[in-house]
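Peer 1:
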Amino acid sequence: MTRPSLPSTLDPRGTGPLGSRLRVGFITHLDQHDDLSRIYRDNIRLIQGIEELGYDSAWIATRHFFSGWAALPSPYAFLGAAAVSTSRIALGTAVLPVVLDDAVRVAEDLAVIDHLSGQRLLAGLGKGVPSDSFHVFEAYHPDRDGTFEAKLDTLDWALRGNTVEGGSASIWPPAPALEGRQFAGSSNIESIRAAARRGIGLILERFGNGPERTPEARRAFQQRQADSVVEYRRVFAETWGDARTPYVITSRSAFPGTTTDAALAEASETASRWNSFAAQLGRLDPSLSVPEQFLSDNFAWGDPRALADDLLADPTVALTDELVLGIHPVTHSIDQTLEKARVLIEQVVPLVEEGWRAARAEAGTAEAVTVS
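Position 37, counted from 1, in the sequence shown is what full-length UniProt numbering calls 37; the numbers after and before it change by one each time, with no gaps.
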């Protein structure tokens with residue numbers, strides 16, 4: 001199935017026909033194997049493959065210290081390679097921990113990639129997965145929230161190509177259009193409100209934190225995210241009116257199989273490494289059954305219909321402009337991952353989009369969607 005192409009620029013600031021269809025992305029954590037001599041090249045091939053399948057966007061997890069086996073601490077070189085290896089698909093960071101970097105240098109790197117890709121970059125920006133080792137970075141400051149807002153201010157200033165105060169040089173190359181393709185990644189409601197006031201997009205993580213990581217808390221976590229989207233849209237509309245358009249991206253794990261039992265059996269085997277690792281960190285209860293562990297991780301599985309129903313039962317999905325799917329935390333080869341991505345885009349996504357359209361039509365408009 002071939003899906004409609006993205007325009008060259010996704011611009012949440014415009015008043016275009018956002019919400020006319022559900023945009024769909026795919027995310028990789030670059031965790032398919034441990035051979036660093038080829039993991040990056042393999043994932044370039046993965047992105048080329050999902051572009052051919054018709055996905056709107058490709059997202060890469062960016063994490064320091066090999067956290068969760070995510071093998072990409074810095075996205076810039078990889079995104080440059082992806083930009084010249086593809087022609088249509090949008091390229092996103094999920095998310096770039098700007099609190100640890102020099103914001104002017106970030107602006108320079110992002111601007112180069114955006115021009116190189118033909119304005120296909122989607123800049124997901126965040127604070128990074130918490131670590132007790134972040135103090136090794138010279139730019140680190142323990143006030144993560146305050147630092148994040150300050151970095152975004154500097155980033156915006158630099159992307160406009162402004163002249164340096166007290167100097168004669170200007171930041172180059174400018175990429176002011178990238179302001180419309182920035183997305184704040186945060187679970188903190190104040191940071192979400194700040195993103196709305198700033199007029200940028202919002203990107204939501206796939207799983208909860210702490211006490212939310214239990215089977216019983218899964219639906220409550222999803223409801224909390226849905227409530228945060230409603231609040232984001234409220235503050236956005238209050239601040240900007242019709243001058244800018246809010247844009248919400250939601251990430252979810254979705255593992256398809258020929259039957260729901262087959263999907264569970266396969267996922268149980270291929271996620272065993274991750275579940276053992278998460279249990280050691282106290283993120284999963286090893287006494288739970290494998291299905292319960294998956295639910296704790298907000299991991300959905302099933303045949304296409306069951307998987308679509310599970311995704312549509314999540315109230316956040318109806319509020320989302322772009323749904324980013326992935327099969328993490330399972331360990332599959334690139335070819336196996338591409339096959340799962342094919343099943344998702346060809347068999348699961350049409351069912352999800354049908355329900356997504358119905359939910360938004362019932363609500364009247366994308367911005368008017370509410371949750372019970």
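A virtual CB, placed ideally from N, CA and C, is assigned to each residue, including glycine.
Look at the Cβ atom of Pro-173, then the Cβ atom of Ala-111, and state whether they are nearer than 8 Å.
Peer 2: Against a cut-off of 8 Å, the Cβ pair of Ala-111 and Pro-173 comes out as a contact.
Peer 1: How many angstroms separate the CA atom of Asp-227 from the CA atom of Val-248?
Peer 2: Looking at the two C-alpha atoms, the distance is approximately 13 Å.
Peer 1: Once DSSP output is grouped into helix, strand and coil, what is the label at Gly-180?
Peer 2: Three-state result, Gly-180: helix.
Peer 1: Looking only at C-alpha atoms, which of Asn-162, Thr-316, Arg-23, Ala-177 sits nearest to Ile-171?
Peer 2: The shortest Cα separation from Ile-171 among Asn-162, Thr-316, Arg-23, Ala-177 belongs to Asn-162.
Peer 1: Could you check the C-alpha separation between Val-235 and Arg-181 for me, to the nearest Å?
Peer 2: Looking at the two C-alpha atoms, the distance is approximately 19 Å.
Peer 1: I'd like the span of the alpha helix (DSSP H) that includes Thr-337, first residue to last.
Peer 2: Taken as a continuous stretch (DSSP letters only), the alpha helix (DSSP H) holding Thr-337 covers 334-343.
Peer 1: Pick out the complete alpha helix (DSSP H) segments inside the segment 201-282, 4 residues or longer, and give them in chain order.
Peer 2: Here the runs fully enclosed are 218-240, 260-270, 272-280.
Peer 1: Do the segment 186-206 and the segment 251-264 touch if we need at least three Cβ pairs shorter than 8 Å?
Peer 2: The answer is yes - the segment 251-264 touches the segment 186-206, with three or more Cβ pairs under 8 Å.
Peer 1: Please report how far the alpha carbon of Leu-311 lies from the alpha carbon of Val-352, in whole angstroms.
Peer 2: Leu-311 and Val-352: Cα-Cα distance of roughly 7 Å.
Peer 1: Which runs of the beta strand (DSSP E) spanning at least 3 residues fall entirely within the segment 17-54, listed in chain order?
Peer 2: Listed in chain order, the complete beta strand (DSSP E) runs (minimum 3 residues) inside the segment 17-54 are 23-28.
Peer 1: Go ahead and pull the three-state DSSP assignment for Ser-57.
Peer 2: DSSP places Ser-57 in strand when its eight states are reduced to three.
Peer 1: Could you work out which residue in Ile-50, Asp-101, Phe-66, Val-106 is closest to Ala-90 when comparing CA atoms only?
Peer 2: Out of Ile-50, Asp-101, Phe-66, Val-106, Ile-50 has the C-alpha closest to the C-alpha of Ala-90.
Peer 1: From this set, Arg-219, Ser-20, Leu-79, which residue's C-alpha is nearest Leu-30's C-alpha?
Peer 2: When each option's Cα is compared against that of Leu-30, the closest is Leu-79.
Peer 1: Are at least three pairs of beta-carbons, each pair with one atom in the segment 109-124 and one in the segment 175-190, less than 8 Å apart?
Peer 2: Verdict: yes, contact present.
Peer 1: Going by DSSP in three states, Ser-170 sits in which element: helix, strand or coil?
Peer 2: Correct three-state label for Ser-170: strand.
Peer 1: Report the residue ranges of all beta strand (DSSP E) runs contained in full by the segment 61-135; include only those spanning at least 3 residues, in chain order.
Peer 2: You should have 90-94, 121-126.
Peer 1: Please report how far the alpha carbon of Asp-261 lies from the alpha carbon of Asp-303, in whole angstroms.
Peer 2: So the two alpha carbons sit approximately 8 Å from each other.
Peer 1: Could you pull out every residue in the same chain whose Cβ sits closer than 6 Å to the Cβ of Ala-278, ignoring the five residues on either side in sequence?
Peer 2: Here the set comprises Leu-284.
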